[in-house]
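Q: Residues in the sequence shown are numbered from 339 upward in steps of one, following the numbering used here. This structure is in structure tokens; I'll ask about it shortly.
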Amino acid sequence: MRSRHSFVMRSTAPDARHRLPVVRLGALLAISALVISACTGGGSGSPGASSSDGGDGGAAGGYPDQNITFVVPFSAGGPTDTVTRLIAEPMSEALGQQIVVQNVEGAGGTVAAGEVSQAAADGYTVLMHHIGMSTAPALYSDLPYDPLEDFKTVGLVTEVPMTFIANNDFEPNTFEELIAYVTENADTVTYAHAGIGAASQLCGLLFQSAIGVTLTEVPYEGTGPALTDLVGGQVDFMCDQTTNTSGQIQAGEVKAYAVTTPDRVASLPDIPTTEEAGLPEVQVGVWHGLYVPADTPDEVVEALTAALQVALEDQGVIDQLAELGAAPVSLDRATPEAHSAYLEEQIGVWGPIIEEAGVSAD
Ligand code: MLT
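Shown next as structure tokens:
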């Protein structure tokens with residue numbers, strides 16, 4: 339029978355740890371608003387913002403002629419936020435309008451997705467979401483939107499490896515030692531993640547299930563605050579995207595144990611893969627994509643897709659992502675059609691895994 343649990347998101351609460359549910363994945367493991375760029379006049383936005391600043395963009399029947407808001411469903415400083423801000427500048431230049439990034443945190447990204455699904459379908463409110471768009475239907479029985487029905491996809495953006503990292507005082511020094519230590523000390527070890535449905539939680543679930551332990555999970559509202567506490571030693575270890583762990587790894591602020599992709603990450607060449615380190619079933623890459631409300635006109639979506647494609651070919655974006663261990667998707671995947679097909683496929687992949695695990699955000 340599926341177990342049901344309630345979760346409380348915390349931004350910093352190391353002494354208020356939750357014992358989260360026993361997770362059994364069985365054999366199923368396959369698994370602040372900020373103006374970014376000012377091309378024309380100023381101003382900031384919010385979901386559905388409609389202030390006009392008289393821009394001269396004209397990609398689709400005058401669209402865009404005002405600021406565009408990109409809604410990020412996790413906190414500033416996290417991976418989704420990082421990727422969004424990277425592509426926002428070249429997209430802004432391509433569209434001839436400012437892009438305002440707004441972080442709407444909560445409930446594994448579902449608060450933001452719910453808000454954008456209800457926003458005006460005019461292309462001025464755009465959701466950037468990650469793999470959580472595909473896991474939410476299985477995690478939330480009362481999801482206030484349907485990922486496939488209530489949005490139009492603009493295109494996939496990136497795929498990002500994940501890394502297992504720990505604070506420097508945590509005893510294990512290798513992935514093999516981590517497995518042994520966690521197995522022996524499951525009742526005291528703490529695992530940080532960016533909230534229910536976050537990729538960092540899913541990675542942790544895979545890990546726990548693979549080695550047959552249940553850990554105390556410490557959920558945060560995003561990777562930014564989770565990493566801060568990890569570096570500070572308030573939590574032991576976590577698994578999150580290289581976009582936000584690479585800096586700390588390279589600066590020696592955290593220990594890195596393994597990457598979750600089949601191949602090593604070029605910018606982190608000394609870190610073994612989970613497969614090399616003996617846990618091949620723990621493999622997960624995080625993808626990001628852009629969405630608009632379902633009734634958005636096709637020509638508006640086309641304008642956004644065209645700008646996205648410009649951003650993904652921007653050498654500065656490519657170089658910065660590479661430094662962070664990530665890469666843009668190929669342009670044939672940065673389309674509404676490819677993105678829709680992939681979203682549907684991913685919902686089909688994650689639904690049964692989450693169901694089997696008995697994990698619920700209800
Ligand atoms: C996650 O674990 O899902 C992400 O790191 C959340 C984020 O982008 O902050």
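By construction, the Cβ of each residue, glycine as well, lies at the ideal position given by its N, Cα and C atoms.
May I have a chain-ordered list of the alpha helix (DSSP H) segments no shorter than 4 residues that lie completely inside the segment 574 to 651?
A: List check, alpha helix (DSSP H) in window: 580 to 588, 636 to 650.
Q: Alpha carbon to alpha carbon, how far is P443 from H467?
A: According to the sequence provided, residue 443 is Glu. The question's Pro does not apply to it. Rounded to whole angstroms, E443 to H467 spans 12 Å at the Cα level.
Q: Candidates L659, S668, I685: which alpha carbon is nearest R423's?
A: Taking only the C-alpha atoms, the option nearest R423 is L659.
Q: Quick check: is any heavy atom of the ligand MLT less than 7 Å from the C-beta of F502?
A: No, Cβ of F502 sits at least 7 Å from all heavy atoms of the ligand MLT.
Q: Are there 16 or more other CB atoms within 10 angstroms of the CB of A532, so buried, or fewer, so exposed?
A: Buried, because 16 or more other Cβ atoms sit within 10 Å of the Cβ of A532.
Q: Have a look at the DSSP bridge pairing and note the partners of M466.
A: M466 is bridged to L628.
Q: Do you know how far the Cα of V492 is from the Cα of T643?
A: Approximately 5 Å, taken between the alpha carbons.
Q: Any heavy atom of the ligand MLT closer than 7 Å to the beta-carbon of P485?
A: No.
Q: Under 8 Å, do P301 and L650 count as touching if we go by C-beta distance?
A: As shown, the chain starts at 339 and ends at 700. That puts residue 301 outside it, with no answer to give.
Q: Would you say T418 touches the ligand MLT, meaning its beta carbon is less than 7 Å from a heavy atom?
A: It does: the Cβ of T418 is within 7 Å (strictly closer) of some heavy atom of the ligand MLT.
Q: Tell me whether I437 sits in a helix, a strand or coil according to DSSP, three-state version.
A: Three-state result, I437: strand.
Q: If Q435 sits next to P402, beta carbons under 8 Å apart, how far is it from one beta carbon to the other, in whole angstroms?
A: Right, their Cβ atoms sit about 4 Å apart.
Q: Looking at the secondary structure, which residues open and close the alpha helix (DSSP H) in which P557 lies?
A: Note, P557: premise wrong, no alpha helix (DSSP H); beta strand (DSSP E) at 554 to 557.
Q: Do S417 and T581 have their C-beta atoms closer together than 8 Å?
A: Strictly speaking, residue 417 in this sequence is Pro, with Ser absent from that position. Contact: yes.
Q: For the ligand MLT, is there any heavy atom lying closer than 7 Å to the beta carbon of A536?
A: Yes, the Cβ of A536 comes within 7 Å of a heavy atom of the ligand MLT.
Q: Buried or exposed for Q588, going by 16 or more other Cβ atoms inside 10 Å?
A: That one is exposed.
Q: So what does DSSP say about F412, is it helix, strand or coil?
A: In the structure shown, F412 sits in coil (DSSP, three-state: anything other than H, G, I, E or B).
Q: Considering just the uninterrupted stretch of the beta strand (DSSP E) at L494, what are its terminal residues?
A: L494 -> beta strand (DSSP E) spans 489 to 498.
Q: So what's I691 in DSSP terms, helix, strand or just coil?
A: Looking at I691 - three-state DSSP - the assignment turns out to be helix.
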